[in-house]
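Protein sequence lines correspond, in order, to chains A and B.
Our numbering numbers the first residue of the first sequence as 1 and each following residue consecutively.
Our numbering numbers the first residue of the second sequence as 532 and each following residue consecutively.
Glycine included, every Cβ here is placed at the ideal spot set by N, Cα and C.
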Amino acid sequence: MDSVTVVVIGGGATGTGILRDLSMRGVKTLLIERGDLASDASGRFHGLLHSGARYAVTDPRSAKECIEENAILRRIGKHCVEKTEGFFVRLEGDGEDYEGQWVAGCAAARIHAKRVDLKEARRLEPHLSRRAVSVFRVPDSAIDGFRLCWQNVASARRYGGEVRTYTEATGIERAGDRVVGVTVCDTLTGAVDSIGCDHVVNAAGSWVGRVASWAGIEVDVKPDRGVLIAFNHRFTNRVINRLRPPANGDIFVPHGPITVLGTTSSPVASADDNVPHVEEVLELLHNGTELFEDLPKYRILRAYAGARPLYSPGEGRAASRDFTILDHSTDGLRGLTSAAGGKLTSYRLMAEKTADVVCRELGVKAACRTAAEPMVEDPPRRLVTRARPFFPPYGLDLAASRLGAAFGPVVQGLQMHPEERRLICECEMVTLAEVESAAREPTTFNLGDIRRRTRMGMGTCQGAFCSLRAVGALVSHDLVADKDGKALIRDFLETRWKGIRPVLWGDQIREAEFQREVYAATLNLDGTAQR
Amino acid sequence: MSACDVVVIGGGLSGLVAAAAAAERDKKVVLIAKGVGAIAVGSGSIDVLGYEAGGKPVARPLAEMGKLPSNHPYARAGKQATAKAFEFFLDLCEKGGFPYSGSADVARWVPTAIGTLKPTCFLPRSMDPAPLEAAKAAVVVGFRGLKDYYPELIIRGLMQVPAYPKRFRTVIVDPEMAGRDVNALDIARWLDTESGRHACIEQMLTGIAPGNVVLVPPVLGTVPNYGVLEEFEKATTCKFIEITGMPPAITGLRLYDLLVSEIKKRGVRIVEHATVTRAVVDNGRCTAVVTHGVDRERTHPARSFILATGGFYSGGLEAGFGSAREPVFGLPVKVPESQSDWSNAFLLSGGAQPFARFGLDVDARLRPTDGSGKAVFENVYAVGRTLSGFDDAFEKSGNGVAVVTGYRAGTLVA
Numbered sequence: 001m002d003s004v005t006v007v008v009i010g011g012g013a014t015g016t017g018i019l020r021d022l023s024m025r026g027v028k029t030l031l032i033e034r035g036d037l038a039s040d041a042s043g044r045f046h047g048l049l050h051s052g053a054r055y056a057v058t059d060p061r062s063a064k065e066c067i068e069e070n071a072i073l074r075r076i077g078k079h080c081v082e083k084t085e086g087f088f089v090r091l092e093g094d095g096e097d098y099e100g101q102w103v104a105g106c107a108a109a110r111i112h113a114k115r116v117d118l119k120e121a122r123r124l125e126p127h128l129s130r131r132a133v134s135v136f137r138v139p140d141s142a143i144d145g146f147r148l149c150w151q152n153v154a155s156a157r158r159y160g161g162e163v164r165t166y167t168e169a170t171g172i173e174r175a176g177d178r179v180v181g182v183t184v185c186d187t188l189t190g191a192v193d194s195i196g197c198d199h200v201v202n203a204a205g206s207w208v209g210r211v212a213s214w215a216g217i218e219v220d221v222k223p224d225r226g227v228l229i230a231f232n233h234r235f236t237n238r239v240i241n242r243l244r245p246p247a248n249g250d251i252f253v254p255h256g257p258i259t260v261l262g263t264t265s266s267p268v269a270s271a272d273d274n275v276p277h278v279e280e281v282l283e284l285l286h287n288g289t290e291l292f293e294d295l296p297k298y299r300i301l302r303a304y305a306g307a308r309p310l311y312s313p314g315e316g317r318a319a320s321r322d323f324t325i326l327d328h329s330t331d332g333l334r335g336l337t338s339a340a341g342g343k344l345t346s347y348r349l350m351a352e353k354t355a356d357v358v359c360r361e362l363g364v365k366a367a368c369r370t371a372a373e374p375m376v377e378d379p380p381r382r383l384v385t386r387a388r389p390f391f392p393p394y395g396l397d398l399a400a401s402r403l404g405a406a407f408g409p410v411v412q413g414l415q416m417h418p419e420e421r422r423l424i425c426e427c428e429m430v431t432l433a434e435v436e437s438a439a440r441e442p443t444t445f446n447l448g449d450i451r452r453r454t455r456m457g458m459g460t461c462q463g464a465f466c467s468l469r470a471v472g473a474l475v476s477h478d479l480v481a482d483k484d485g486k487a488l489i490r491d492f493l494e495t496r497w498k499g500i501r502p503v504l505w506g507d508q509i510r511e512a513e514f515q516r517e518v519y520a521a522t523l524n525l526d527g528t529a530q531r
Numbered sequence: 532m533s534a535c536d537v538v539v540i541g542g543g544l545s546g547l548v549a550a551a552a553a554a555e556r557d558k559k560v561v562l563i564a565k566g567v568g569a570i571a572v573g574s575g576s577i578d579v580l581g582y583e584a585g586g587k588p589v590a591r592p593l594a595e596m597g598k599l600p601s602n603h604p605y606a607r608a609g610k611q612a613t614a615k616a617f618e619f620f621l622d623l624c625e626k627g628g629f630p631y632s633g634s635a636d637v638a639r640w641v642p643t644a645i646g647t648l649k650p651t652c653f654l655p656r657s658m659d660p661a662p663l664e665a666a667k668a669a670v671v672v673g674f675r676g677l678k679d680y681y682p683e684l685i686i687r688g689l690m691q692v693p694a695y696p697k698r699f700r701t702v703i704v705d706p707e708m709a710g711r712d713v714n715a716l717d718i719a720r721w722l723d724t725e726s727g728r729h730a731c732i733e734q735m736l737t738g739i740a741p742g743n744v745v746l747v748p749p750v751l752g753t754v755p756n757y758g759v760l761e762e763f764e765k766a767t768t769c770k771f772i773e774i775t776g777m778p779p780a781i782t783g784l785r786l787y788d789l790l791v792s793e794i795k796k797r798g799v800r801i802v803e804h805a806t807v808t809r810a811v812v813d814n815g816r817c818t819a820v821v822t823h824g825v826d827r828e829r830t831h832p833a834r835s836f837i838l839a840t841g842g843f844y845s846g847g848l849e850a851g852f853g854s855a856r857e858p859v860f861g862l863p864v865k866v867p868e869s870q871s872d873w874s875n876a877f878l879l880s881g882g883a884q885p886f887a888r889f890g891l892d893v894d895a896r897l898r899p900t901d902g903s904g905k906a907v908f909e910n911v912y913a914v915g916r917t918l919s920g921f922d923d924a925f926e927k928s929g930n931g932v933a934v935v936t937g938y939r940a941g942t943l944v945a
């Protein structure tokens, strides 16, 4: 049985943020996650780093938190944040009164919202609706949730923090009124284990209530489902928000070559169901078309769904997006802290407040330093120069940002084996060297893990070309152990299919027919063997 | 422009065979093509019927066809036309100097780029798997930098095939294309050159011995003949087998080139890079179709029209939310009421996908019908993937249906 000081349950933004915070304060911490990092809400949202302007009227406290954390993350997380800025756009027919309240709300929260001349706004975003009557500029940004979590972990590891993915917590062990450990199960092998610790942090997002219930404590976190659509084009360079009371389908966020439209909001019994329904997709498209009139002509890549963990009275979007730290010694159990509610933009603050509670109980005096130190160092300029011949011009910065500390070893490998520069994923410009680097990580077990590290398979072809290449290359380099290559490809394609199926028309049905022509008709990935 | 007998719309396998069959009957044929169709996606083998509806492999495809439902394209074309179509196809290939072999009543299993076997019927000699079935050991040749082909992946899969060799080794050939991404077409063009072939043979000889069975990606030249294959066999005294792989499928492109040159020989006029945008109809007949090419609109009058525009991938079918249509004639395409019934929960589900079976319903003469089963136009015929009632990817029947329905329509036109 292993033993650490703190076990963090949950590998989303909050959990990885807590891991980083505690590790930087010198507390020996292990994070466990039942899937891959960011495999739920932290990877299943619009990827918007809020300026807070969206909450300026409805939730002033969140608005203020957002703008402060937005500034910090743009500094410490520049390799997972794209500083796009954002527009708030009021259309003909949207209430003018709300605009006034919103401007006042932004001012009160100290969110810099500046009116943009309509002609200038159209020059900057030519696809925007002609029905726009007011446009404001705010410091919204795009953020890659997968990379954010991994960069938190990379930073934590430098301070001794550890991570075990595909490890599900199954129970909390107690001795009298104290927590003494957690029982865990390896979700890939089924092996059961327990980990001794002085403190458990429950950062399980929508599943916080479930984890707390193992200790006999009730925490009422309600999952609230949000559906999003990824489009195959970057038709906006800025985050676009509708300037009206927050509603479904009024946020667009550009990410690399794609654009994400979100979201919906509906209370659900379980956060485990993350397959979007056609009706939800249609509602998003309907509302989104008001901001971008040509939206129905744009090719969709896929739809996906995640769940916001809401902790507060009230339901859905009307509830506060605030977070609450629950020190369960008030419930008569020492050594358990739950981080409930919250949202991605303020995850760092939530982690800081959680770590404060944990440190107080552990008697650790060190202060939080997560806001001061970047998560990933910039690559040295010499290294970038050395790397240049091996990457497409646009792909170089992408790779450097994605790889972080692994960039150096990857470039070194490329100097020895230049043929590994070949692009496995043309859509997202991912080289073989990068795929191999991700595959060599001890936390990588399938192509989905590689996808979340590299973005391979997230673009136009949705895995049609890169899945065979990635598996082929990994088998060649003996990086898949005894796994069945065919099963790896199939699992990857089926995961992508879940998001294509709810939008199966237009070019999506074309792509699906193509994928089946290749993988079923030509390669017979689906048929049974001859004998 | 002088009127012709038949306009074939679509330059994929079904359109090419239809044009050839009509021309064989001395019809004056124009074939209008937007591109090369899905022929470069498949591998150029003629799959006839690999699996029955329950997912069991079919040992005798021709016999199995008798059990197909009446709306399946094979059932529509009829038993006699089916047998004749394959004869016609084999004859075309023979005459074109690129003979195919096989029988519609014997399933043959060919190795693929992911190490599976897939059922098919007619093959070019370069894809014949017989030597592999008889061998105790085999060599898999790879090419440095070829990014859609991985010998180790193939070996890992083939090792699991009961009757196959258990000993494999690899030989990697360097085509000296470092510095750029390489696909099968690059290698095939390299092997079109004498210096490329010599360099390749020389490198292969370091790892293969006389009598070996050698698996290669589909790269043995771009030209539809067995020149590269024979040169390799002669220089090494080995047996070579081309494996099916990712697009661009060189083996498919070879078949395309062969058929194009055969129909040209038979006097078919080909209009390339042209998209048919609409049809001119009059009193239950189509009188002409209009193309939009690189320059201007053109009208192509004819007595009969064969629609060989393919499925969703090729643009012969289009889907919006809740509906699907055929864009040239605006013919009806039936779809389930609820969008969630369009597809199965799994992409490769072990059963037919509903959307893969969307297409045109036709009568016994392959003429698209309206809801009541009556032909919409007396002189418009539909062939290949445009037809409803079969999932070619699941059944492994795409090229077979293309050949059979293409031939059948070519013999029906007035």
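Is residue 494 (chain A) close to chain B? Criterion is C-beta to C-beta, closer than 7 Å. Counting from one through the first sequence, the residue named residue 494 (chain A) turns up at place 494. Yes, its Cβ sits closer than 7 Å to a Cβ of chain B.
Measuring only the C-alpha atoms, how far is residue 51 (chain A) from residue 138 (chain A)? Here the question's residue 51 (chain A) lines up with position 51 in the first sequence. Here the question's residue 138 (chain A) lines up with position 138 in the first sequence. For residue 51 (chain A) and residue 138 (chain A), the distance between alpha carbons rounds to 7 Å.
Which two residues bound the contiguous beta strand (DSSP E) that contains residue 844 (chain B)? Locating residue 844 (chain B) in the second sequence gives position 313, where the first residue counts as 1. Going by DSSP, residue 844 (chain B) is part of no beta strand (DSSP E) at all; its letter is neither H nor E.
Contact residues within the region 365-381 of chain A, judged by C-beta distance below 8 Å to chain B: Taking 8 Å as the Cβ-Cβ cut-off against chain B, none of the residues of the region 365-381 of chain A qualify.
Can you list, in chain order, the residues of the region 214-241 of chain A whose Cβ is nearer than 9 Å to any Cβ on chain B? Flagged: no residues at all.
Kindly identify the DSSP beta-bridge partner or partners of residue 482 (chain A). Taking the first sequence and counting its residues from 1, one reaches residue 482 (chain A) at position 482. According to DSSP, residue 482 (chain A) bridges with nothing at all.
Using three-state DSSP, classify residue 325 (chain A) as helix, strand or coil. Here residue 325 (chain A) refers to the residue found at position 325 when the first sequence is read from its first residue. Three-state DSSP puts residue 325 (chain A) in a strand.
Can you give me the Cβ contacts of residue 449 (chain A) inside the same chain, cut-off strictly under 6 Å, excluding the 5 residues immediately before and after it? Translated into the one-based positions of the first sequence, residue 449 (chain A) becomes position 449. The residues are 36.
State the start and end residues of the unbroken beta strand (DSSP E) segment that holds residue 285 (chain A). On the first sequence, position 285 is the one that residue 285 (chain A) refers to. First-last for residue 285 (chain A): 278-291, but that is the alpha helix (DSSP H), not the beta strand (DSSP E).
What are the boundary residues of the alpha helix (DSSP H) that residue 200 (chain A) is part of? Indexing the first sequence from 1 puts residue 200 (chain A) at position 200. Per DSSP, residue 200 (chain A) belongs to no alpha helix (DSSP H); it is in the beta strand (DSSP E), 199-202.
Buried or exposed, going by whether 16 or more other CB atoms sit within 10 Å of the CB of residue 189 (chain A)? Stepping through the first sequence from its first residue, residue 189 (chain A) is reached at position 189. For residue 189 (chain A), the number of other beta carbons within 10 angstroms of its own is below 16, and it is reported as exposed.
Which complete alpha helix (DSSP H) runs does the region 920-945 of chain B hold, if anything under 4 residues is left out? Here the runs fully enclosed are 923-926 and 929-943.
Curious, which full-length alpha helix (DSSP H) runs of at least 4 residues does the region 717-798 of chain B contain? Segments of the alpha helix (DSSP H) lying fully in the region 717-798 of chain B: 725-735, 758-767 and 781-796.
Spatial neighbours of residue 306 (chain A) within its chain, please: CB distance less than 7 Å, with the 5 preceding and 5 following residues excluded, ordered by chain position. Position 306 of the first sequence holds residue 306 (chain A). Here residue 306 (chain A) has 40, 41, 44, 45, 226 and 274 as same chain residues with Cβ atoms under 7 Å from its own Cβ, once five neighbours each way along the sequence are excluded.
Leaving out five residues on either side along the sequence, give the residues of the same chain with a beta carbon under 6 Å from the beta carbon of residue 314 (chain A). The sequence position of residue 314 (chain A) within the first sequence is 314, counting from 1. In this predicted model, residue 314 (chain A) has a pLDDT of only 49, less than 50, meaning its place in the structure is not dependable; the value taken from the coordinates is given anyway. Contacts found: none.
Which of the three DSSP states is assigned to residue 598 (chain B) in this structure? To locate residue 598 (chain B), count along the second sequence from 1; it is residue 67. In the structure shown, the three-state DSSP call for residue 598 (chain B) is helix.
Less than 7 Å between the C-beta atoms of residue 284 (chain A) and residue 261 (chain A), yes or no? To locate residue 284 (chain A), count along the first sequence from 1; it is residue 284. To locate residue 261 (chain A), count along the first sequence from 1; it is residue 261. Yes.
Whose C-beta lies closer than 7 Å to the C-beta of residue 522 (chain A) among residues of the same chain, with five residues either side of it excluded? Taking the first residue of the first sequence as 1, we reach residue 522 (chain A) at position 522. Correct list: empty, nothing qualifies.
How many whole angstroms separate the CB atoms of residue 390 (chain A) and residue 418 (chain A), which I take to be in contact at a CB cut-off of 8 Å? For this step, residue 390 (chain A) is matched to residue 390 along the first sequence. For this step, residue 418 (chain A) is matched to residue 418 along the first sequence. Confirmed, Cβ separation roughly 7 Å.
Assigned secondary structure, residue 680 (chain B) (DSSP; H/G/I helix, E/B strand, else coil): As a first step, residue 680 (chain B) is located in the second sequence; it is residue number 149 there, counting from the start. Three-state result, residue 680 (chain B): coil.
Using DSSP with H/G/I as helix, E/B as strand and the rest coil, what is residue 872 (chain B)? Numbered from 1 along the second sequence, position 341 holds the residue referred to as residue 872 (chain B). In the three-state reduction of the DSSP assignment, residue 872 (chain B) falls in the helix class, which pools H, G and I.
According to the Cβ coordinates, are residue 375 (chain A) and residue 77 (chain A) closer than 7 Å? Translated into the one-based positions of the first sequence, residue 375 (chain A) becomes position 375. Translated into the one-based positions of the first sequence, residue 77 (chain A) becomes position 77. Yes. Within cutoff.
According to DSSP, residues forming a beta bridge with residue 224 (chain A): Against the first sequence, residue 224 (chain A) aligns to sequence position 224. According to DSSP, which records beta bridges pairwise, residue 224 (chain A) is partnered with A:267 and A:308.
Cβ of residue 88 (chain A) less than 7 Å from any chain B Cβ? By one-based count along the first sequence, residue 88 (chain A) stands at place 88. Judged by the 7 Å Cβ criterion, residue 88 (chain A) is not in contact with chain B.
Considering only residues of the same chain and omitting the five flanking positions on each side of residue 462 (chain A), which have a CB-CB separation below 7 Å? Here residue 462 (chain A) refers to the residue found at position 462 of the first sequence. So the qualifying residues of the chain are 301, 302, 496, 500 and 511.
Could you check what DSSP says for residue 5 (chain A) in three-state terms: helix, strand or coil? One-based indexing of the first sequence puts residue 5 (chain A) at position 5. The three-state reading of DSSP puts residue 5 (chain A) in coil, since its state is none of H, G, I, E or B.
On the three-state DSSP scale, how would you describe residue 157 (chain A)? As a position in the first sequence, residue 157 (chain A) is number 157, starting the count at 1. Helix at residue 157 (chain A).
Please classify residue 870 (chain B): is it buried, with 16 or more other beta-carbons within 10 angstroms of its beta-carbon, or exposed? If you number the second sequence from 1, residue 870 (chain B) lands on position 339. Label assigned to residue 870 (chain B): buried.
So, at 6 Å on beta carbons, what are the nonlocal neighbours of residue 264 (chain A) in its own chain, with the 5 sequence-adjacent residues on each side left out? Numbered from its first residue, the first sequence carries residue 264 (chain A) at position 264. Taking residue 264 (chain A) as the centre and dropping the five residues before and after it, the same chain places the C-beta of 226, 227, 248 and 280 closer than 6 Å to its C-beta, in chain order.
Residue from A:416, A:170 and A:196 whose Cα sits closest to the Cα of residue 184 (chain A): Walking along the first sequence from the start, residue 184 (chain A) turns up at place 184. Taking only the C-alpha atoms, the option nearest residue 184 (chain A) is A:170.
Under 8 Å, with one C-beta from each stretch per pair, do the region 591-606 of chain B and the region 562-573 of chain B reach the 3-pair mark? Short answer: they don't touch.
Quick one: what's got a C-beta closer than 7 Å to residue 844 (chain B)'s C-beta in the same chain, skipping five residues either side? The residue labelled residue 844 (chain B) in the question sits at position 313 within the second sequence. Cβ within range, chain order: 569.
Using the beta-carbon count (16 or more within 10 Å), is residue 369 (chain A) buried or exposed? Against the first sequence, residue 369 (chain A) aligns to sequence position 369. The residue is exposed, with fewer than 16 neighbouring Cβ atoms inside 10 Å.
Relative to the alpha-carbon of residue 404 (chain A), which residue among A:372, A:385, A:427 and A:437 has its alpha-carbon at the smallest distance? Along the first sequence, one-based indexing puts residue 404 (chain A) at 404. Ranking the options by Cα distance to residue 404 (chain A), first place goes to A:437.
Here's a check: name, in chain order, each residue in its chain whose Cβ is nearer than 6 Å to the Cβ of residue 534 (chain A), leaving out the five neighbours to either side. This structure does not reach residue 534 (chain A), given that chain A is present from 1 up to 531, and the question cannot be answered.
In the DSSP assignment, find the unbroken alpha helix (DSSP H) run with residue 545 (chain A) in it and report its ends. Residue 545 (chain A) lies beyond the stretch modelled for chain A, which goes from 1 to 531, so this question has no answer here.
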